[in-house]
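Participant: Handing you a structure now.
There are 2 protein chains.
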Amino acid sequence: MSSLSDKIENYLRELIKRYEGEVEIKRNRLADDFNCAPSQINYVLDTRFTVERGYIIESRRGGGGFVRIIKVKLNSKNEAIKNIIKQLESPLQPKEAKGIVKRLFDNNLISQRDRIILEAAISKKSIGFNDDEKNNIRTQVLKNTLKAIFKI
Amino acid sequence: MSSLSDKIENYLRELIKRYEGEVEIKRNRLADDFNCAPSQINYVLDTRFTVERGYIIESRRGGGGFVRIIKVKLNSKNEAIKNIIKQLESPLQPKEAKGIVKRLFDNNLISQRDRIILEAAISKKSIGFNDDEKNNIRTQVLKNTLKAIFKI
DNA sequence: AGTAGAAGGTCAAAAAAAGTCAAAGTAAAG
DNA sequence: CTTTACTTTGACTTTTTTTGACCTTCTACT
Chain A
880 MSSLSDKIEN YLRELIKRYE GEVEIKRNRL ADDFNCAPSQ INYVLDTRFT VERGYIIESR
940 RGGGGFVRII KVKLNSKNEA IKNIIKQLES PLQPKEAKGI VKRLFDNNLI SQRDRIILEA
1000 AISKKSIGFN DDEKNNIRTQ VLKNTLKAIF KI
Chain B
880 MSSLSDKIEN YLRELIKRYE GEVEIKRNRL ADDFNCAPSQ INYVLDTRFT VERGYIIESR
940 RGGGGFVRII KVKLNSKNEA IKNIIKQLES PLQPKEAKGI VKRLFDNNLI SQRDRIILEA
1000 AISKKSIGFN DDEKNNIRTQ VLKNTLKAIF KI
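Going down the list, the protein sequences come from chains A and B.
When the count follows our numbering, it moves up by one through the first sequence with no breaks and lands on 1031 for the last residue.
When the count follows our numbering, it moves up by one through the second sequence with no breaks and lands on 1031 for the last residue.
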């Protein structure tokens, strides 16, 4: 008794397997094939192809648009990064953010070079400090850069 | 399944590579080859061969008219970086910032890895968009990360 | 010099995709 | 049988590309 979402999920998993971890789809086309609302595809993506499960989604709108699903190889490093990403929810202050980067480095999860870049990115100098919105941005920056690293 | 614009872009890049950084085309002729409106060529030029990415466009109208695309060579690496950093003054929109990163990568000044990380850092997803303050933060992030990379 | 025709430029509307969000519907748990 | 969690649907938004009508600049020819 699998739901439509499950079927779409299975279908995508198959595709991803066949194409060795990376696949590109047309959202509307796929929705059409499965006879559902396009936004259902997003639902499936949002609930089943998350970072926690080791996927990254990229997309482009407009003519020739697409949705790309990338399966990330889950070694222990990525596993660890993934967990840290999951914890990045509440707005981080500069010091806290820096602490996380240090931790990543100390545990050999990112290189020295990565560390230098990340620290510069999230620094007070770059983003500023004190209001919640800035800290929010900082958290997003850290989160997205980690996702990017995770993908590489 | 890339868009027409992508195809034209690729074609032009090829040409530019083949002719060592400078190429001259007939706009209408090219549009005809690709079976599109002439203004589409301008669209491609405007969105993909921008100054941030290190291209200069020259053209002449009238009989014997042409469009010339010139890829600007960066002199010594450090010089180039310094200049790019110096130019990071006015608030950059996501696309502009991304253009700069692309250029740095295309010119072998940063690695693919750096590029992916920087793009994630300055993305709309990380910082947001539309108000001047956000764009300012974006510019600072780019500036500081580049400074960090080149330890200036 | 004056003008026709040949290029290229501009701008905005239409079209093509994808994203978001919340309401309505179902299934599962208690 | 009620409450909660998960799915499905649809209306509306945003982004990107494509098309076309009209404008400007140049060259060549009389």
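Glycine is no exception: its CB is placed at the ideal position from the N, C-alpha and C atoms.
Which residues of chain A have a Cβ atom closer than 7 Å to the Cβ of Ala999 (chain B), listed in chain order?
Facilitator: As a working note, residue 999 (chain B) is residue 120 in the second sequence. Within chain A, the residues near Ala999 (chain B) are Asn1023, Thr1024, Lys1026, Ala1027.
Participant: Assuming the contact rule is C-beta atoms closer than 8 Å, Ile895 (chain A) and Ile920 (chain A) should be a hit. Round their C-beta distance to whole Å, please.
Facilitator: As a working note, residue 895 (chain A) is residue 16 in the first sequence. As a working note, residue 920 (chain A) is residue 41 in the first sequence. Contact flag wrong, Cβ pair sits at about 14 Å.
Participant: Between the C-alpha atoms of Ser1002 (chain A) and Ser969 (chain A), what's the straight-line distance to the nearest angstrom?
Facilitator: Counting from one through the first sequence, the residue named residue 1002 (chain A) turns up at place 123. Counting from one through the first sequence, the residue named residue 969 (chain A) turns up at place 90. Each residue's alpha carbon lies about 17 Å from the other.
Participant: Would you say Lys1004 (chain A) reaches chain B, if we count a Cβ-Cβ gap shorter than 8 Å as a contact?
Facilitator: Numbered from its first residue, the first sequence carries residue 1004 (chain A) at position 125. Interface annotation, Lys1004 (chain A): in contact with chain B, CB-CB separation under 8 Å.
Participant: Along chain A, which residues have their Cβ under 7 Å away from the Cβ of Arg992 (chain B)?
Facilitator: Position 113 of the second sequence holds residue 992 (chain B). Within chain A, the residues near Arg992 (chain B) are Ile1031.
Participant: With contact counted as at least three CB pairs below 8 Å, one residue from each stretch, are the region 1022-1029 of chain A and the region 911-929 of chain B in contact?
Facilitator: no
Participant: Verify the CB distance criterion: does Gly933 (chain A) have a CB-CB separation below 8 Å to chain B?
Facilitator: On the first sequence, position 54 is the one that residue 933 (chain A) refers to. Output row for Gly933 (chain A): interface = no.
Participant: Using beta carbons (cut-off 8 Å, strictly below), is Gln972 (chain A) in contact with chain B?
Facilitator: As a working note, residue 972 (chain A) is residue 93 in the first sequence. No, no contact with chain B.
Participant: For Asp966 (chain A) and chain B, any beta-carbon pair shorter than 8 Å?
Facilitator: The sequence position of residue 966 (chain A) within the first sequence is 87, counting from 1. Note that residue 966 (chain A) is Gln in the sequence shown here, rather than Asp. No, Gln966 (chain A) does not count as interfacial toward chain B.
Participant: Which value, in whole angstroms, describes the spacing of the CA atoms of Arg982 (chain A) and Asp993 (chain B)?
Facilitator: The count along the first sequence starts at 1 and reaches residue 982 (chain A) at position 103. The count along the second sequence starts at 1 and reaches residue 993 (chain B) at position 114. Cα to Cα, Arg982 (chain A) sits roughly 20 Å from Asp993 (chain B).
Participant: Which residue marks the beginning of the beta strand (DSSP E) containing Tyr922 (chain B), and which one marks its end?
Facilitator: Here residue 922 (chain B) refers to the residue found at position 43 of the second sequence. It is not in any beta strand (DSSP E) - Tyr922 (chain B) instead sits in the alpha helix (DSSP H) that spans 917-927.
Participant: Should Thr1018 (chain A) go down as buried or exposed, given a rule of 16 or more other Cβ atoms within 10 Å for buried?
Facilitator: If you number the first sequence from 1, residue 1018 (chain A) lands on position 139. Result: buried.
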